[in-house]
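Residue numbers (the numbering used here): 134 to 217. Ideal Cβ positions, reconstructed from N, Cα and C, are used throughout, including at glycine. Predicted model only: the values in this text are computed from it and were never measured.
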């Protein structure tokens, strides 16, 4: 579930401001995060993101360096998990 086009522009802008140029894998993780949030009302954990995306931890950290869940939260506007 991808966000609407106007939200995509915001996400793209925020990502660029953080030095991230979004590609297909970034959008895959963003879509998973939105869908997970819609179903569970909490942002996806890294473990679940790995499981649901089929990407490994190293790939996810390469896409969103430092703190992938925190980065996704900052870029998408989804609520930041307490542990971030």
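Using CA atoms only, rank isn't needed, just tell me which of the options is closest to residue i.
i, options, result
"residue 201", "141, 159, 143", "159"
"residue 206", "172, 179, 139", "179"
"residue 162", "192, 173, 174, 199", "192"
"residue 198", "167, 152, 186, 210", "152"
Where do the N-terminal and C-terminal ends of the alpha helix (DSSP H) with residue i fall, by residue?
i, result
"residue 189", "Looking at the DSSP string, residue 189 is not in any alpha helix (DSSP H), and its letter there is neither H nor E."
"residue 152", "Element bounds for residue 152: n/a, residue is neither H nor E."
"residue 176", "That residue, residue 176, is in no alpha helix (DSSP H); it is neither H nor E in DSSP."
Residue i: buried (16+ other C-beta within 10 angstroms of its C-beta) or exposed?
i, result
"residue 154", "exposed"
"residue 157", "exposed"
Our contact map puts residue i next to residue j with C-beta atoms below 8 Å; I'd like the distance itself, whole angstroms only.
i, j, result
"residue 144", "residue 208", "6 Å"
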